[in-house]
Amino acid sequence: MITLLDTHVVIWMATADPKLGKRARGLIEAAGAADNLAFSAISLWEVAMLLERGRLQASLPVEALRNRLLQTGMTELPLTGDIALLSAQLALHGDPADRFIAASAVSHGALLVTADERLLGWKHALKRQDARR
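The numbering used here runs 7 ahead of the 1-based position in the sequence shown.
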């Protein structure tokens with residue numbers, strides 16, 4: 008099973024943030040070892056927007072972050088037409104990045120690792136892991 012990281016979890020991993028919980032870290036490490044760890048391409052857009060708006064500081068440009076993620080063996084899940092259409096059908100709040108990430112997880116039958124309370128509380132069969140635990 009693919010383990011898909013929400014954008015903030017990608018950032019937490021890249022910065023070794025202690026907010027990432029032990030259980031989530033273990034699941035991420037196991038998925039990485041099995042070549043089943045992924046991030047959504049939309050997360051790159053989201054990071055770029057956070058940097059542009061000054062809501063995130065980074066020592067690396069987003070292109071370097073992408074290269075680093077790919078070099079560690081993570082898979083980049085593209086935003087496809089099917090995922091875009093599915094995101095519009097989900098009974099989920101309006102944040103476009105969250106909708107695309109959730110649709111990617113649903114489409115790929117992935118486990119979504121997130122600390123987003125709205126995604127964790129979403130009434131859907133999607134498998135989720137609280138990134139703080």
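Ideal Cβ positions, reconstructed from N, Cα and C, are used throughout, including at glycine.
According to DSSP, is residue i helix, strand or coil?
i, result
"Q78", "helix"
"T121", "strand"
"T10", "strand"
"K130", "coil"
With 8 Å as the threshold, decide whether the Cβ of residue i is near any Cβ in chain D.
i, result
"L34", "Structure shown: chain D not included; a single protein chain is present."
Among the residues of its own chain, which have a CB less than 6 Å from the CB of residue i, if the five just before and after it don't count?
i, result
"R125", "H100"
"W19", "K26 and L27"
Apart from the five residues on each side of it in sequence, which residues of its chain come closer than 7 Å, Cβ to Cβ, to residue i?
i, result
"A40", "none"
"L228", "The first residue shown for the chain is 8 and the last is 140, placing residue 228 beyond what the model contains."
"A110", "I90, L93, S94 and L97"
When you compare each of the options to residue i by their alpha carbons, which one comes out closest?
i, options, result
"R106", "A48, W19 and M20", "A48"
"K134", "W52, L76 and L118", "L118"
"E36", "V113, M56 and I9", "I9"
"D102", "Q136, S50 and L11", "S50"
"K130", "T87, V113, P85 and R140", "V113"
"G116", "G33, N43 and L34", "N43"
"A21", "N74, M56, R60 and L34", "N74"
Excluding the five sequence neighbours on either side, which residues of its own chain have a C-beta within less than 8 Å of the C-beta of residue i, listed in chain order?
i, result
"D123", "D13, H15 and D105"
"L127", "T121, R135 and D137"
"L86", "S47, A48, I49, F107 and S111"
Does the separation of the CB atoms of residue i and residue j fall below 8 Å?
i, j, result
"A45", "L11", "yes"
"L77", "V17", "no"
"R140", "A31", "yes"
"V54", "L63", "yes"
(Q) Taking contact to mean 3 or more Cβ pairs, one atom from each stretch, closer than 8 Å, check whether the segment 75–89 and the segment 23–36 are in contact. (A) no
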